[in-house]
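Participant:
Protein chains: 4
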Amino acid sequence: MAQPIGRHFLQIPGPSNVPDRILRAMSAPTIDHRGPEFARLTLDILDAVKPVFGTTGPVIVYPSSGTGAWEAALVNTLSAGDRVVAFETGHFATLWSQMARRFGLQVDVVPGDWRHGADPDALAERLEADSGHAIKAVCVVHNETSTGALSRIPEIRRVLDEAGHPALLLVDTISSLGSVDYRHDEWGVDVTVSCSQKGLMLPPGLGFNAVSEKALRAHAAATLPRSYWDWAPILEANRTGFFHSTPATNLLYGLREALRMLDEEGLPAVFERHARHGEATRAAVRAWGLDVLCLDEREHSPVLTAVLLPEGHDADKVREVILERFNMSLGAGLGKLRGRVFRIGHLGHFNDVALAGTLAGVQMGLELAGLPPEGDGVTAALRVLTTGAAA
Amino acid sequence: MAQPIGRHFLQIPGPSNVPDRILRAMSAPTIDHRGPEFARLTLDILDAVKPVFGTTGPVIVYPSSGTGAWEAALVNTLSAGDRVVAFETGHFATLWSQMARRFGLQVDVVPGDWRHGADPDALAERLEADSGHAIKAVCVVHNETSTGALSRIPEIRRVLDEAGHPALLLVDTISSLGSVDYRHDEWGVDVTVSCSQKGLMLPPGLGFNAVSEKALRAHAAATLPRSYWDWAPILEANRTGFFHSTPATNLLYGLREALRMLDEEGLPAVFERHARHGEATRAAVRAWGLDVLCLDEREHSPVLTAVLLPEGHDADKVREVILERFNMSLGAGLGKLRGRVFRIGHLGHFNDVALAGTLAGVQMGLELAGLPPEGDGVTAALRVLTTGAAA
Amino acid sequence: MAQPIGRHFLQIPGPSNVPDRILRAMSAPTIDHRGPEFARLTLDILDAVKPVFGTTGPVIVYPSSGTGAWEAALVNTLSAGDRVVAFETGHFATLWSQMARRFGLQVDVVPGDWRHGADPDALAERLEADSGHAIKAVCVVHNETSTGALSRIPEIRRVLDEAGHPALLLVDTISSLGSVDYRHDEWGVDVTVSCSQKGLMLPPGLGFNAVSEKALRAHAAATLPRSYWDWAPILEANRTGFFHSTPATNLLYGLREALRMLDEEGLPAVFERHARHGEATRAAVRAWGLDVLCLDEREHSPVLTAVLLPEGHDADKVREVILERFNMSLGAGLGKLRGRVFRIGHLGHFNDVALAGTLAGVQMGLELAGLPPEGDGVTAALRVLTTGAAA
Amino acid sequence: MAQPIGRHFLQIPGPSNVPDRILRAMSAPTIDHRGPEFARLTLDILDAVKPVFGTTGPVIVYPSSGTGAWEAALVNTLSAGDRVVAFETGHFATLWSQMARRFGLQVDVVPGDWRHGADPDALAERLEADSGHAIKAVCVVHNETSTGALSRIPEIRRVLDEAGHPALLLVDTISSLGSVDYRHDEWGVDVTVSCSQKGLMLPPGLGFNAVSEKALRAHAAATLPRSYWDWAPILEANRTGFFHSTPATNLLYGLREALRMLDEEGLPAVFERHARHGEATRAAVRAWGLDVLCLDEREHSPVLTAVLLPEGHDADKVREVILERFNMSLGAGLGKLRGRVFRIGHLGHFNDVALAGTLAGVQMGLELAGLPPEGDGVTAALRVLTTGAAA
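Structure below.
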């Protein structure tokens, strides 16, 4: 029997459950984006968002999806024909590579099995072979939303440093920002790409670029055509609290509220909570006798868990049962994982009891969909939640 | 570590979790309560609310708490010195009796152990002894919110009928209306008392009286002073869609939305859902090795479950741990049950995964508060949820 | 042509236009009314509301309309058979007198022409004649919402003082509180009655009683039956931040926000703004060649202006034209003024341009309804707004 | 004295005043953008938006500002080096030309005085001279937001037709759509560019492209690099109700509500209302003795009126006085009009009394800023409003 009642559990790996505080903040009347009140709003936000990126440099906010922020990172720093290295960590990394090709970039993709993060050793090899510094940028997805594998950015950075290679480091933190410790400055990232609807707990509609000084220098030399995404006029207008094109005012209200919420909880507590929820979820998956898609213990995502089903089972059928029966959305397998995995989002505005409810819904759904779990995943998860380091 | 994060689980037995649909409906601008748009609103609501009470007669809506609606039931139908029979089913029944005494009524309270509903046999005895029909009213709390025992109103009615006794039947449905099958007309209830913040899923602020024709006749003869609560001018004004005193307009917006939601799910499905959640909750309590306060299988509340702790344990401590650690509110023991029980609300805008999360929170809280559960209550509850009649 | 478009102008003398800030505040999820967060809310509000009443004593908040707060003032302080003096200042004063009679009080009504406030001289006469102090209370409506006449409470107080008469002074500030300077303590008022939907800018649903120590002493001796309205258990529960019956939580959220808004603007500025808007409105009415109902310059309401039409014209027709054509609600003539006056509300969340729009709507409506104004009222009003003391 | 109280009047020419209905709709929880409920939302919107554009073809919705939608129109249809004709109708037309140059297009700008719409005769000359059909597109701003001049698109179309010229016709309806009659299909427009925050009454954050079949053919041949803006994958995903990149879900909720509101009022009534408000505003400006910037009677904007001040007066000073004193925002002069004009927005969710309030605020502000109006503009406007064709 369908049960579209009670509060929906939006357990896809983003958009995450938007807190009512943010929805209320967003429902304030739109104001003049050229007036003094707006300038105060902008300056507040642009300042408060920096710690979330781990930067003291500028962060640019676009009315766009995260896909737009990808494009911004490319067109602001590169020129047609430039060579870039990318990693096939999953569906989204693949999409980003394809986008780069559309702009005439030569993309050298490091192949992957969609069960690991970016491989630092493979990068080392490529950089070593590139004594002429033809590689202009390295693109990494920090948290691959399609697989639940977290790339180790500090190791990527170390490889670049050890090679003394000047390539830019472009990192997609679309599904990690605000949920996983991230350090734009410390890790020497040049452009950090992100968006609003994951760890920032907002509805979709904002894209971000955090940019290093090196990225700004690259911007000055880059020749891909750009206008909407061009950092320069935005940075110029931002200086006094404005935007050169009309900003998404009400989403900015929500962003201000989101930044307050992250600050109230404290970023370290936020990261610890996500880590604990990831651990509890994996405990559940293993108790059910199923496989976590990500294979490397160092790379498990605190944000989502992709669950690999045994051959012959349709993950979309499981999701459908859970949606209809328990009013809960899970993420589908994407690209070549379609039907093979479902993804449990455990990010954003979330807590232990909501996670317990989520895992209970999955456990019941597996049973109802004809995949009776081997063991009691919820119990295993509760054990992590009560005895974990966070207790 | 305190965790006031994520969405709060408001698992007290009312106010229940208000759906965001209702909160949004309530946030529409207040309109002229003497204008044509308001009249349409009133007429819609007064019509749509009837099936929830199981009546075709009038339902009166007050800006008040449920306590006010108790007072309205008394002052509209009784006169100083009148004798009424009441049942000591718990804290709220006791409060209602005390209120009746404040109005100079002679209240004959049938004693109770706070673990059962109203006793039809005890009523039969009293009616039999009252050949002179001195008893003017019988007051029953349908769902005793302090104990989780549901009184069997049809049996109370049968006792009255068999005795051929003309006493009015006044029933408090404060925590049952909209969650438990209830039939004002069929069961011959004269005044049904209710309020907004339980099964109707609204914030508190509205009180209700559904009234029978017999109650209206009693109203004509009753002499307790009344003005604010007087049914007559309200019924008169309601005829054209108005109120004789300013109504709580924005709560009425919420009520309209709540009635739509109940209608969309369908009352039978709503009742079945609550019954199933009560059953699952009791399965959890028993698996934990704890006692459900209510002792009669026929009287278990589908709305809340009061959990009795072993001697020497402080239920308020358990609640405190759960509030601080899991951002979930449970109901306290009231009156003589203070510290002995906690109450789990499972009513209103609720579903299986939210219940699972709730029970997981209680299970973890018991452990953290030094009452390690004997068995796995969540698992027991999930079994009910997946195999129950509702599946 | 009907034009139910754009933002509605709710220019009745209450409910006033609810600010979106308050509507948003009210749309936060309902919390546990017995939990620690609620206690903080209550204590904040009960403290912050005092300056609005001009008191340092307790203010009681009911889930009720203002009519309920009238009843509370009576049943808490008086006993059946008590004599009270009331003034026939208009429709609402008359309703309050009628209510008093329903509770068995002997009401001595000072007749009035509905175009003046309460007459201090008439009170002096009655008090002089009452050497035995049979009069237990004097009831005055501060701002008579049906006529737009403001009673001079300090003069009423002086008459009581000069007579050395111990009668309680009960004052209805339903439509003046938060809009007109009011001083419960300084003016020696014993019970101040008010509600949420006028100067406090909230939707309807809250009633208030501010009470003096003398009123509390009267409460101890008064014998009218009371329960819901009884101050004692509320004051007791309020001490720790709670209510003895479930409060209207979401309206309390709104009240907190309203008190913040009044504090931000500053009460003196709020009062000055209302005074200026009253003056501008009367300038418009006179320019139109119509009569302001209130005849005494000292008693013009800063909150609303009742406009008296020449014989042979139907004020309800004017209101209907304005509602249909301009999406603006005006107040109807009430009681014996039905059809003779319409009332313009200029209170609460309001500013100069909104007032100008309001008066423009009335001016156009008069013309369309066949009462072409003699002169240009809007221009006259703008002159007051630009040159007034407030500039 | 500053008066930041009461409801803000946002009388800039967009963002316009967002109706509370739309803000409430937008505050619903974000849903899974890959789930069945989302597909229904998308299909509803994509269907309902067509009549507003006057098209039966596809409309593409971006998470972007209107500036992004400009870029989309260019990169989807043109190739580097292509020649386009543009008109210097004002600030925004100039910005669009500059953007085109950034993409390597050769832009032939028809000079203008910023007081007229696009000149059909000048286009005729250019087309005549272009026998080789080097011109690939003609770019016109329908309603120039910086000047209040409306270009006559049907005449532009006729010129193209009479010349038998195959150039694409790209039209910016950013500030006209949903306020002014517009017919994408009938007028043979190839790409109509628009956004959310003007006549559609939404907050900013959505950009639109309505596209003709000819535009789709041009898309197939165009070689400017494109990815985010590429129509093809969006049209493909839209077919089943989805987007290829995460859409701005909550703004789409608002769009659905906006389309309902436009449908309820009826587009012809919406257009007539805007026309009437434009006429009333110009009557006010002339009564004040000031100049309407737009000089051609056929080209007056129904959406905004730019008011040219006499030499020696600073329009920004007037705006500042009005903002501080009357809590009303007006539009600044842009580009070479900075300080010379202010712009009154009278679009979107608006009605006669709000317009009267707006004009009263301007009139008072002019006086307070040292530009005492010659005559009574409000009175002149009210005359139009009561006697206009709309009565």
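Protein chains in written order, with my numbering: chain H, 1 to 391; chain Z, 392 to 782; chain Y, 783 to 1173; chain X, 1174 to 1564.
Here a beta-carbon is modelled for each residue, glycine too, at the ideal position from N, C-alpha and C.
(1) Give the secondary structure of Z/K441 by DSSP, where H, G and I count as helix, E and B as strand, and everything else as coil.
(2) Do X/Q1184 and X/I1517 have their C-beta atoms within less than 8 Å of each other?
(3) Per DSSP, what kind of secondary structure is Y/H1082 in: helix, strand or coil?
(4) CB-CB under 6 Å to X/V1557, same chain, minus the five flanking residues each way: which ones, in chain order?
(5) At which residues does the alpha helix (DSSP H) containing H/N250 begin and terminate?
(6) Counting only runs of 3+ residues fully inside the stretch 711-740 of chain Z, write out the beta strand (DSSP E) ranges in chain order.
(7) Beta carbons nearer than 7 Å to chain Y: which residues of the stretch 574-588 of chain Z have them?
(8) So is H/H133 buried or exposed if we call it buried at 16+ other beta carbons inside 10 Å?
(9) Under 6 Å Cβ to Cβ from Z/W505, same chain only, skipping five residues before and after it: list those, please.
(10) How many Å lie between Z/T583 and Z/H740 at the Cα?
(11) For the pair the stretch 1492-1510 of chain X and the stretch 1180-1197 of chain X, tell me if three or more CB-CB distances fall below 8 Å.
(12) Use the C-beta contact count for X/T1422: other C-beta atoms within 10 angstroms, 16 or more gives buried, fewer gives exposed.
(13) Is the CB of Z/L728 under 8 Å away from at least one CB in chain Y?
(14) Chain H partners of Y/A830, CB-CB under 8 Å?
(15) Going along chain X, which residues have a C-beta under 8 Å from Z/P420?
(16) Count the C-beta pairs between the stretch 829-836 of chain Y and the stretch 446-453 of chain Z that are closer than 8 Å, then say yes if the count reaches three, no if not.
(17) Just grab the DSSP bridge partners of X/Q1271 for me.
(18) Let's see if you can read the secondary structure: which residues bound the beta strand (DSSP E) around H/P63?
(19) Using beta-carbon positions only, say whether H/Q197 and H/P373 come within less than 8 Å of one another.
(20) Using 8 Å for Cβ pairs, my map puts Z/T696 next to Z/V712. What's the rounded Cβ distance?
(21) 8 Å is my cut-off, CB to CB: does Y/I1126 come that close to chain Z?
(22) Rounded to whole angstroms, what is the Cα-Cα separation between X/S1474 and Y/H898?
(23) Taking contact to mean 3 or more Cβ pairs, one atom from each stretch, closer than 8 Å, check whether the stretch 178-195 of chain H and the stretch 1202-1213 of chain X are in contact.
(24) Along the stretch 1423-1440 of chain X, where does the CB come closer than 8 Å to a CB of chain H? Name the residues.
(25) Taking Cβ to Cβ, would you say Z/S418 is nearer than 8 Å to Y/L1041?
(26) To the nearest angstrom, report how far apart Y/D954 and X/T1552 are at their CA atoms.
(27) Counting only Cβ-Cβ distances shorter than 8 Å, please list the residues of the stretch 1091-1109 of chain Y near chain Z, keeping chain order.
(28) Is H/I153 closer than 8 Å to H/H142 when the C-beta atoms are compared?
(29) Within its chain, find whatever has a CB closer than 7 Å to the CB of Y/E853; leave out the 5 residues flanking it on each side and keep chain order.
(30) Within 8 Å (strictly less), CB to CB, does Z/R415 reach chain X?
(31) In chain H, what lies closer than 7 Å to Z/T777 by C-beta?
(32) Helix, strand or coil for Y/Q793? Go by DSSP, reduced to three states.
(33) Quick check: what's the CA-CA separation for H/N17 versus H/L290?
(34) Where Y/G848 and Y/L988 are concerned, what is the direct C-alpha to C-alpha distance, given to the nearest angstrom?
(35) Could you check if Z/E648 is buried or exposed, using at least 16 other CB atoms within 10 Å of its CB as the buried criterion?
Facilitator: Reading off the structure:
(1) Working through the second sequence from its first residue, we reach residue 441 of chain Z at position 50. Looking at Z/K441 - three-state DSSP - the assignment turns out to be helix.
(2) Working through the fourth sequence from its first residue, we reach residue 1184 of chain X at position 11. Working through the fourth sequence from its first residue, we reach residue 1517 of chain X at position 344. Cβ atoms of X/Q1184 and X/I1517: closer than 8 Å.
(3) Here residue 1082 of chain Y refers to the residue found at position 300 when the third sequence is read from its first residue. In this structure, Y/H1082 counts as strand in the three-state DSSP scheme.
(4) Translated into positions along the fourth sequence, residue 1557 of chain X becomes position 384. Once the five neighbours on either side are set aside, the close Cβ partners of X/V1557 are E1452, A1453, A1456.
(5) As a first step, residue 250 of chain H must be located in the first sequence, where it is residue number 250. H/N250 -> alpha helix (DSSP H) spans 249-265.
(6) As far as the stretch 711-740 of chain Z is concerned, its whole beta strand (DSSP E) runs of at least 3 residues are 719-723, 732-736.
(7) Q588
(8) The residue given as residue 133 of chain H occupies position 133 in the first sequence. Classification of H/H133: exposed, given that the 10 Å Cβ count is below 16.
(9) Reading the second sequence from its first residue, position 114 is the one you call residue 505 of chain Z. Cβ within range, chain order: G481, T538.
(10) Stepping through the second sequence from its first residue, residue 583 of chain Z is reached at position 192. Stepping through the second sequence from its first residue, residue 740 of chain Z is reached at position 349. For Z/T583 and Z/H740, the distance between alpha carbons rounds to 22 Å.
(11) yes
(12) Position 249 of the fourth sequence, counting from 1, holds the residue named residue 1422 of chain X. Buried is the call here.
(13) As a first step, residue 728 of chain Z is located in the second sequence; it is residue number 337 there, counting from the start. Output row for Z/L728: interface = no.
(14) Position 48 of the third sequence holds residue 830 of chain Y. The premise fails here: Y/A830 is roughly 21 Å from chain H at the closest Cβ pair, so nothing lies under 8 Å.
(15) Against the second sequence, residue 420 of chain Z aligns to sequence position 29. Under the 8 Å cutoff, chain X gives D1193.
(16) Three or more Cβ pairs closer than 8 Å define a contact, and the stretch 829-836 of chain Y falls short of that threshold against the stretch 446-453 of chain Z.
(17) Numbered from its first residue, the fourth sequence carries residue 1271 of chain X at position 98. Partner residues in a beta bridge of X/Q1271, as assigned by DSSP, do not exist.
(18) In the first sequence, counting from the first residue as 1, residue 63 of chain H sits at position 63. Unbroken beta strand (DSSP E) run through H/P63: 59-63.
(19) Within the first sequence, residue 197 of chain H is the residue found at index 197, counting from 1. Within the first sequence, residue 373 of chain H is the residue found at index 373, counting from 1. Their beta carbons are not under 8 Å apart, which means H/Q197 does not touch H/P373 by this criterion.
(20) As a position in the second sequence, residue 696 of chain Z is number 305, starting the count at 1. As a position in the second sequence, residue 712 of chain Z is number 321, starting the count at 1. In fact, because the Cβ distance is near 18 Å, the residues do not count as touching under 8 Å.
(21) Indexing the third sequence from 1 puts residue 1126 of chain Y at position 344. No, Y/I1126 lies away from the interface with chain Z (no Cβ there is under 8 Å from its Cβ).
(22) Stepping through the fourth sequence from its first residue, residue 1474 of chain X is reached at position 301. Stepping through the third sequence from its first residue, residue 898 of chain Y is reached at position 116. Spanning the two alpha carbons is a distance of roughly 51 Å.
(23) no
(24) N1423, L1424
(25) For this step, residue 418 of chain Z is matched to residue 27 along the second sequence. For this step, residue 1041 of chain Y is matched to residue 259 along the third sequence. The answer is no: Cβ separation not under 8 Å.
(26) For the purposes of this step, residue 954 of chain Y is taken as the residue at position 172 of the third sequence. For the purposes of this step, residue 1552 of chain X is taken as the residue at position 379 of the fourth sequence. Roughly 39 Å separates the two Cα atoms.
(27) Correct list: L1105.
(28) For this step, residue 142 of chain H is matched to residue 142 along the first sequence. For this step, residue 153 of chain H is matched to residue 153 along the first sequence. Yes, the Cβ-Cβ distance between H/H142 and H/I153 is below 8 Å.
(29) Counting from one through the third sequence, the residue named residue 853 of chain Y turns up at place 71. Around Y/E853: M881, W1011.
(30) Within the second sequence, numbered from 1, the residue matching residue 415 of chain Z stands at position 24. Yes, contact with chain X.
(31) Position 386 of the second sequence, counting from 1, holds the residue named residue 777 of chain Z. Residues of chain H passing the Cβ test: M364, E367, L368.
(32) The residue given as residue 793 of chain Y occupies position 11 in the third sequence. Three-state DSSP puts Y/Q793 in a strand.
(33) Reading the first sequence from its first residue, position 17 is the one you call residue 17 of chain H. Reading the first sequence from its first residue, position 290 is the one you call residue 290 of chain H. Take the alpha-carbon of H/N17 and the one of H/L290: they are about 26 Å apart.
(34) What you label residue 848 of chain Y is simply residue 66 of the third sequence in a count that begins at 1. What you label residue 988 of chain Y is simply residue 206 of the third sequence in a count that begins at 1. Computed Cα separation, rounded: 7 Å.
(35) What you label residue 648 of chain Z is simply residue 257 of the second sequence in a count that begins at 1. With 16 or more Cβ atoms within 10 Å of its Cβ, Z/E648 is classed as buried.
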